[in-house]
Every structure is written in structure tokens, then in C-alpha cells.
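Protein chains in written order, with the working numbering: chain A, 353 to 549; chain B, 85 to 430. C-beta atoms are modelled at their ideal positions from N, C-alpha and C, and glycine is treated no differently. Remember, predicted model here, so these are calculated numbers, not experimental data.
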């Protein structure tokens with residue numbers, strides 16, 4: 353039952369996207385700037401070597417914050433490509449600060465575009481500088497997101513973005529700590545302000 | 085060609101950025117997942133475990149704690165207590181305060197009648213260096229050091245203390261004091277800057293100095309009532325039994341060694357001594373110095389800011405783990421190295 357509801361919702365979104373996409377609002381060359389700020393929640397830490405899968409409080413991080421700026425340009429009426437520079441912070445329960453600075457290339461698919469309302473699915477890929485307790489580590493990062501936005505004028509709009517970010521802190525078998533290789537999962541939820549022209 | 089040039093440039097930038105990675109002793113997220121909540125009453129010195137209660141010194145006094153209960157302050161003094169130790173077969177806690185060379189006070193606190201008593205005749209001129217050595221007390225003896233760096237053995241009888249003058253004549257710089265059930269071992273340097281050890285045996289009331297090696301010892305633990313196991317900064321393992329120091333010819337594997345501190349948490353169980361490094365536990369066989377370094381099993385559960393680990397005789401198979409900022413933990417059901425056991429807040 354639950355599965356059929358989920359499939360139905362996805363199909364509605366897809367058909368709606370296709371339906372609206374047939375009357376595109378955006379044109380090739382249009383540009384969008386966004387500013388966003390919100391919260392960042394740790395979902396899981398998975399240590400594949402030791403098979404530790406930590407969720408919830410076991411990730412030992414408190415609710416943190418997230419902010420970013422991005423730019424994108426349309427190369428088809430429903431796809432835009434750009435970049436995003438972000439900043440996240442979370443405190444561990446030891447009150448030490450974990451920060452990441454993600455730098456992503458972003459592909460946005462405008463599933464719905466009416467001029468007043470956009471529904472955008474995003475895929476970001478890039479790198480992230482992770483810093484904790486005087487240690488710095490560069491990790492690859494992938495982020496997927498879904499953003500409904502409402503435009504109050506031709507140029508300005510507001511939306512809520514829900515995203516899932518995953519990265520890997522990798523230590524090879526030659527390292528002294530292969531057991532510490534970890535795949536992370538975070539969920540930033542943010543208010544998004546968009547400017548388009 | 086342009087496409088490949090761009091790719092190469094991106095790869096070079098990425099390699100450059102990756103080279104910025106620090107090489108932490110422990111993975112960033114592993115470190116986070118091992119962290120624990122900071123408590124308000126931090127442990128600065130573990131005193132012991134008596135009658136199912138853990139006793140510790142904090143910044144503002146001596147506390148006792150039963151499992152599952154809040155810590156209870158049992159002694160507070162102004163100026164603050166510098167160091168404390170159980171003595172008198174664990175019926176009393178000996179503690180010491182001082183604000184200057186001439187204001188040292190030595191007290192006992194009796195656990196049964198909960199009374200504090202100031203001991204008379206503590207020589208005020210020879211008690212200055214407890215921040216360096218910690219007050220280590222065993223069988224009514226404790227060590228003090230004066231402003232000229234001379235080190236003394238003090239003896240407590242009834243309500244008085246007696247100082248054995250010039251007890252350790254050759255050590256000028258004190259590094260570490262260890263006590264076993266039968267002796268006090270003092271490590272330090274002599275006037276020629278050579279590392280030496282001097283042994284005080286309670287029964288004979290004798291001091292036996294012996295020049296050992298020009299090594300800096302960072303790990304210490306006693307075992308088998310009157311023997312000591314030492315690790316130097318080169319990871320070499322030494323045995324000190326009787327009055328002689330023996331190089332076991334074994335050492336901690338340098339590729340996994342993470343023994344940096346001069347205050348390594350350590351404990352001994354039957355034939356082995358365990359030293360806790362930054363990431364690994366190093367298990368050394370006391371008889372021959374051979375070792376195994378590991379992090380799996382119970383050691384994986386003990387990645388806190390540990391300052392001491394006790395194995396109370398009253399609760400066999402249980403470790404009481406004192407941490408600096410995260411409180412006290414109980415590790416139980418440990419039946420082998422690979423058993424992760426159960427860690428609970430004490």
C-alpha cells in the first residue's frame with residue numbers, strides 16, 4: 353500500500369514535470385543566483401571495514417548549520433549547470449567544532465517551472481574541506497536535493513531545499529588506520545532565496 | 085587537446101589540495117564517534133575503587149560516586165587539594181594542600197567516620213612538587229620534593245608525619261614516582277643529567293640508587309607486587325626487578341607506536357601490562373617484554389581521554405575507566421582481547 357502511494361507520488365511529479373516542461377518558462381542563457389541558510393543534521397556514519405553503522409545519537413554530533421551561495425546558467429530550457437560554495441558546522445557532543453566547506457559543480461533539473469513556482473531536483477558533485485580538532489581532510493562529496501520555490505516577482509523567489517550529502521573519508525590499506533575509513537550521510541535543510549534573470 | 089589540458093589542470097589542483105590533508109592519528113569521524121559528553125565534574129586524579137564506590141579528585145575537591153548516582157563531594161579545602169591518595173588499607177584518604185613553600189598542610193579523611201584530620205609535623209620546607217609527581221601513597225609512605233629538588237620519603241604514623249631526611253640523595257630532577265606493594269621507585273636525573281632510578285624498600289628502609297640508562301621513560305606500571313615494567317621514548321621495554329633494570333630486548337612496534345605522553349594510562353592483568361596510546365592498546369608480556377598492539381575488542385570501547393584504568397578486586401572481569409572530561413565508565417564482560425565487552429556510564 354505504502355509502496356503504491358510512493359510510486360503514485362513520484363509518477364505525479366514526473367508527469368507534472370513533463371507537463372510543465374512542455375511550456376518552459378526558462379530559456380537557454382538564463383541565470384540564477386541563490387543564497388541559502390538552514391540546519392544540518394547528521395544521518396549516519398558507516399565504517400565499512402569494521403562494519404559499524406552509527407545513526408542518530410550514536411553519530412555523536414548535534415544539530416548544526418548550513419549556508420551556501422550558488423550560481424547556475426541554463427543550457428537547455430529545463431537544465432542548468434553551475435557551482436555552489438557552502439559552509440556547514442556541527443558540534444560534537446564533546447563541544448568540538450566540525451566544519452566542512454563543500455565546493456560543488458551543480459546540475460539542476462527543473463521538473464516544474466510555471467514562472468511562479470519551480471520544483472528543482474539538483475545533483476552536486478565536488479570536494480569538501482573537513483576540519484575537526486585541528487585536523488583537516490579533503491573528501492569527495494555528492495549531494496542530491498529537491499527544492500520547491502515560489503517567486504514573488506519576476507526575479508525574486510523563496511524556497512525550501514532538502515538535501516542529502518554523502519562523503520567518504522578514505523584511508524587505504526597502507527595507512528595506519530584503514531579501520532577509520534567512513535562514509536558519512538548528512539541532511540541539510542535550508543531556506544533558499546533565488547534571484548533569476 | 086584543450087579538453088585534456090583542462091582535465092590535467094583539475095587533477096593537479098586536486099592532488100595539491102589532497103596533499104593539504106593532515107594525517108591525524110585517528111580518523112576525523114572516528115574521533116567524533118568516539119567522543120563523549122563532557123560532564124561538569126571532571127576527574128583530575130583517580131584515587132581508587134572501594135566498597136563499590138569510585139573515588140576521584142576534581143578541581144574543587146574529592147568526590148565519591150556509586151554506579152548510576154551523581155558524584156558526591158566528600159572533601160573540599162581552600163586552597164584547593166593538589167593531590168590525594170588512599171592509604172591505611174583504604175580506610176583513609178591522604179590529601180595535601182599548599183599555597184606557598186611554608187603553608188603545606190597534609191590531611192587525612194576517614195571514610196568510616198567521615199572526619200578530616202590535619203597531620204602534625206609535616207616538614208613545611210620539603211613539600212613543594214606535588215604538581216609534578218602527584219601524591220602517591222602506599223603503606224603509609226609518600227614522596228615529597230623540596231625547593232632545592234631534593235626528594236624525601238615521608239612516613240605517617242598515627243597523626244604525625246616523619247620525614248626521612250635526604251632520602252633520595254642522587255636524584256636532582258624528579259620525573260616519576262611509582263609505588264608497588266613493597267617499594268617506591270623514583271625515576272629522574274642526577275646532577276650529571278643521567279637518567280637514574282632509586283628504589284626505597286619499605287621493609288628494609290633502605291634506598292638503593294642505580295644508574296640505569298640515558299633514556300626517557302614514558303610508560304610505567306608495576307606488576308607482581310614488586311616489579312616494574314618501563315617503556316622509554318624509543319619504545320624499548322625494560323624490566324625493573326629488585327634493584328636492577330633489564331633491557332628485555334623487545335620494543336613496541338614503531339609503525340604502530342603512539343606512546344607520546346609521560347602519563348600513559350596503564351594497568352596489569354595477570355601476566356600482562358597494558359599501556360594505552362593515542363589509538364592503540366599495547367599489551368606487553370611482563371616476563372619477557374614481547375608485545376601485541378591492538379584496537380579491536382575491548383580496546384575499541386576505550387577511546388576516551390583516559391587518565392586511569394582500575395580493575396577492582398571486588399568486581400572481577402570489570403574495568404573502571406576514569407576519563408578527564410567524560411566521567412567514569414564501567415567496562416564489563418571482557419573475556420578476551422577480541423571481546424568488545426559492554427561499556428556503560430558508571
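Query, Result
"Element boundaries [alpha helix (DSSP H), containing residue 117(B)]", "112-117"
"Proximity to residue 455(A) [Cα-Cα], best of 492(A), 473(A) and 408(A)", "492(A)"
"Contact under 8 Å by Cβ, residue 389(A) with residue 419(A)", "yes"
"Contact set for residue 31(B): own chain, Cβ-Cβ below 8 Å, skip 5 residues either direction", "What the structure shows of chain B is the stretch from 85 to 430, and residue 31(B) is not part of that stretch, so it cannot be assessed."
"According to DSSP, residues forming a beta bridge with residue 367(B)", "358(B) and 376(B)"
"Backbone secondary structure at residue 389(B) - three-state DSSP", "coil"
"Rounded Cβ spacing between residue 518(A) and residue 482(A) (contact assumed at less than 8 Å)", "Their Cβ separation, rounded to whole angstroms, is 13 Å, which puts residue 518(A) and residue 482(A) out of contact at 8 Å."
"The segment 405-423 of chain A in contact with the segment 496-506 of chain A per 3-pair CB rule at 8 Å", "no"
"Residue 539(A) (DSSP reduced to helix, strand or coil)", "strand"
"DSSP state of residue 89(B) mapped onto helix, strand, coil", "helix"
"Within-8 Å CB hit, residue 268(B) to chain A", "no"
"Per DSSP, the bridge partner or partners of residue 398(A)", "405(A) and 535(A)"
"Cβ-based burial, residue 436(A) [other Cβ within 10 Å; buried from 16]", "buried"
"Cutoff 8 Å: residue 534(A) Cβ touching any chain B Cβ", "yes"
"Residue 492(A), DSSP secondary structure in three states", "strand"
"Whole-angstrom distance between residue 407(A) and residue 309(B), CA atom to CA atom", "45 Å"
"N- and C-terminal bounds of the beta strand (DSSP E) containing residue 413(A)", "Taken as a continuous stretch (DSSP letters only), residue 413(A) belongs to no beta strand (DSSP E), as it is neither H nor E."
"Contact belief for residue 397(A) with residue 528(A) at Cβ below 8 Å, rounded distance in angstroms", "Not a contact, Cβ separation roughly 20 Å."
"Environment of residue 276(B) [buried if 16+ CB atoms lie within 10 Å]", "exposed"
"Contact under 8 Å by Cβ, residue 357(B) with residue 307(B)", "yes"
"Close-in-space but distant-in-sequence residues of the same chain around residue 475(A) (CB under 6 Å, 5 per side omitted)", "459 and 496"
"Proximity winner among 304(B), 375(B), 349(B) and 332(B), relative to residue 453(B) (alpha-carbon distances)", "Absent from the structure is residue 453(B), since the part of chain B shown begins at 85 and ends at 430."
"Exposure of residue 111(B), with buried meaning 16 or more beta-carbon neighbours within 10 Å", "buried"
"According to DSSP, residues forming a beta bridge with residue 454(A)", "480(A)"
"Rounded C-alpha distance that separates residue 542(A) from residue 510(A)", "11 Å"
"Simplified DSSP assignment, three categories, for residue 530(A)", "helix"
"Cβ shell of residue 387(A) (< 6 Å), same chain only, five flanking positions each side left out", "421 and 545"
"Beta carbon of residue 399(A) nearer than 8 Å to that of residue 526(A)", "no"
"Beta-carbon proximity list for residue 462(A), same chain, < 7 Å, skipping 5 on both sides", "378, 430, 470 and 472"
"Cα-Cα separation, residue 329(B) to residue 314(B)", "9 Å"
"Contact residues within the segment 126-138 of chain B, judged by C-beta distance below 7 Å to chain A", "none"
"CB of residue 336(B) within 8 Å of CB of residue 366(B), strictly", "yes"
"Residue 364(B) versus residue 254(B) - alpha carbon distance", "36 Å"
"Inter-residue CB distance, residue 271(B) and residue 259(B) (contact presumed, cutoff 8 Å)", "5 Å"
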